[in-house]
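A quick write-up on the structure given underneath.
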Amino acid sequence: MHISILLMEQIIQLFLMIFMGFLIVKAKLLNSEDSKILSIIVLYLIIPCVIINAFQVDYTPQTVKGLLIALAGSVMTQVILLIVVSILGRVFHLNEVEVASIYYSNSGNLIVPIVMFILGKEWVLYGCVFMSVQLVFIWTHCKKIISRESVYDWRKIVLNINMISIAIGIVLFLTRIHLPEDINSTLSAVGGMIGPASMIVTGMLFAGIDFKQIFASKRVYFVTFLRLIVVPAIALVLIKFSYLASLSSNGPKIMLIVFLAIITPSASTVTQMCQVYGNDSQYASAINVVTTLLAIITMPLMVMLFQITI
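In the working numbering, each residue's number is its place in the sequence shown (first place is 1) plus 312.
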């Protein structure tokens, strides 16, 4: 119950950041389209800093075991959920923005501040494992469907700065190399911008949306239901019967982090990719805002279910 209350407080703070982005556009200081620049900064600068900095921890047997549990949980849930969401997409005739918004959680922007706030900085690393796995899917599956490309450009995927950052982080961790304090502090400071920057982008986009059209759309609420209720429920069952939480004394907390990453609202990255690749960024933003608003209720409830079940 304590974790659920802390989680609700953190989500409210993030939603207030969305409101700030909304206000800056409504005050005519910036245009809604100006958020594209901030989106590029988030995707190609802030997220890589978060990843590299997260892997700057001491190499210990317990940490390695925890990382393997987090990796197994992240891969298992994301692969199975991708299959499930793809089937739902065919059954309910969902478009590419809806499929991406249902499948991709906002872990890249929310899991770091949420885990740091409710569990502590030392647990952020396990959240970054989920982020790293999701980034592989984002720059392959998500990029392909949002950009409507017919084939994967593996060269661009492998050489993407986010993928390179994952490789650098893993190498530094395995070789037990710690970056100089000045560099590490810089990466930490820039990475700390991820929550506010992403939420401000969402708020700026939301300011350019027709409120009546969005909130009157039953489709948005259906997508929200799948994102916040159906996907988390399936993930909870998967985690329960995987027994990964029982493999270590830290197992329950590690799997809670994986679960937290899954039950977040739809990914802001989907909105940012829609901007960069010319898809429907306003619709993606609307889904992001509605899921973020309702997540204030659903995320604490899902965490309570997790604590009862696992």
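Built from N, CA and C at the ideal position, the CB exists for glycine as well.
In the same chain as Ile512, and ignoring 5 residues on each side of it, the C-beta atoms closer than 7 Å to its own belong to Met329, Met332, Gly333, Leu350, in chain order.
Restricting attention to Asp370, Asn418, Asn343, Ile353, the CA atom closest to the CA of Val601 is found in Asn418. Selection Ser347, Ile469, Thr583, Leu605 evaluated against Tyr595 yields Thr583 as nearest (Cα-Cα). By a beta-carbon distance limit of 8 Å, Leu342 does not contact Met614. Their separation comes to about 35 Å. Under the DSSP assignment, Pro425 falls in the alpha helix (DSSP H) whose first and last residues are 419-430. Looking at the DSSP output, Ser578 shares a beta bridge with Ser417.
Per the coordinates, the alpha-carbon of Thr514 lies some 12 Å from the alpha-carbon of Asn421. Leaving aside the five residues that flank Ala384 on each side, the residues in its chain whose CB is nearer than 7 Å to its CB run, in chain order, Leu556. The region 351-358 makes no contact with the region 524-539: fewer than 3 CB pairs, one atom from each, lie closer than 8 Å.
Non-local C-beta neighbours of Ile336 in its own chain, meaning closer than 7 Å and more than five positions away in sequence, comprise Leu342, Met516, ordered along the chain.
The count of Cβ pairs closer than 8 Å, one atom from the region 569-588 and one from the region 436-445, reaches three, so the stretches are in contact. Residues of the same chain with their beta carbon placed closer than 7 Å to that of Ser558 are lacking, with the five preceding and five following residues left out of the count. Burial is judged here by how many other beta carbons sit within 10 angstroms of a residue's own beta carbon; Phe518 has at least 16 and is buried.
A contact between stretches requires three or more CB pairs, one per stretch, nearer than 8 Å, and the region 545-553 meets this requirement with the region 385-392. Contact annotation, Ser597 with Ile521: C-beta distance approximately 7 Å; criterion of less than 8 Å satisfied. Comparing alpha-carbon positions, the option among Ser580, Arg467, Ser560, Ile541 lying closest to Ala607 turns out to be Ile541. With three or more CB-CB distances shorter than 8 Å, the region 481-490 counts as touching the region 365-375. Under the rule that a run must span 4 or more residues, the alpha helix (DSSP H) segments found entirely inside the region 464-493 read 466-470, 473-486. Residue ranges of uninterrupted alpha helix (DSSP H) with 4 or more members, entirely inside the region 338-404 and ordered along the chain, are 347-353, 359-366, 373-403.
Between Val362 and Val424 the beta-carbon gap is near 6 Å, inside 8 Å, which marks them as a contact.
Counting along the chain, no alpha helix (DSSP H) covers Cys454, and no H or E run does either. The DSSP-derived three-state label of Met505 is coil. In this structure, Ser413 sits near Ser578, with a CB-CB distance shorter than 7 Å.
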